[in-house]
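One structure below.
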Amino acid sequence: MRTDGFTLLEILVVLVLIGVLTSLISLSSVPDPRRAIAEEAQRLGLLLTMASEESRVRQQPISWEGDLHGYRFVTETGGERQLMNDDDLLHERSWQQPLTLLTITQDGQVAQTLLSPEAPPLRIPIAREWVQSRWKIEIADGNADVTVVFDENGIGHVASAPQQ
């Protein structure tokens, strides 16, 4: 003998399902702070590749400069340093969050490290040659650190995922 309506058990099951789905949605909407630095590293790797290709096309050396607040690509013409701000992609950029560490490693040895926001920027030339020396840039923002590798073919890519 069944009357119209729902049983208490059916209502409780629906309420539990609503609660579980709500908690899953709220958990997935919280941004992972490590994701921001991973995206920055991916962008940096692609821009380094672009700068390498641009250097070959222009037959003009391009350097990457970075500090804890941002980075830029520069050229030197007649001994005069010029930012590439006229370029749509290689213009000066700020990190999404200020970094706590910036390290450049060449040939397996740490070449330059930056820990202080007041320190002068690190600089590394991007060669015009088709075969280049390998180097790495490690960036950390307090939440995670990521390594971007610039290989001998002039291609930049993320070598390590964010780690705490």
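In the numbering used here, the protein residues as written are 6 to 169. Heads up, the beta-carbon is just placed ideally off N, CA and C, and yes, glycines get one too.
**OP:** Just the C-alpha distance for residue 86 and residue 131, rounded to the nearest angstrom, thanks.
**Re:** Going from the Cα of residue 86 to the Cα of residue 131 covers about 15 Å.
Original post:
Span of the beta strand (DSSP E) holding residue 86?
Top reply: Per DSSP, residue 86 belongs to the beta strand (DSSP E) from 85-88.
Original post:
Taking Cβ to Cβ, would you say residue 68 is nearer than 9 Å to residue 128?
Top reply: Yes, these two residues count as a Cβ contact at 9 Å.
Original post:
Distance, Cα to Cα, residue 141 vs residue 25?
Top reply: Computed Cα separation, rounded: 44 Å.
Original post:
Where in the region 21-69 do unbroken runs of the alpha helix (DSSP H), each at least 4 residues long, occur, reported from the N-terminal end onward?
Top reply: List check, alpha helix (DSSP H) in window: 38-63.
Subject >> As assigned by DSSP and simplified to three states, the class of residue 13 >> reply: For residue 13, the secondary structure class from DSSP, reduced to helix, strand or coil, is helix.
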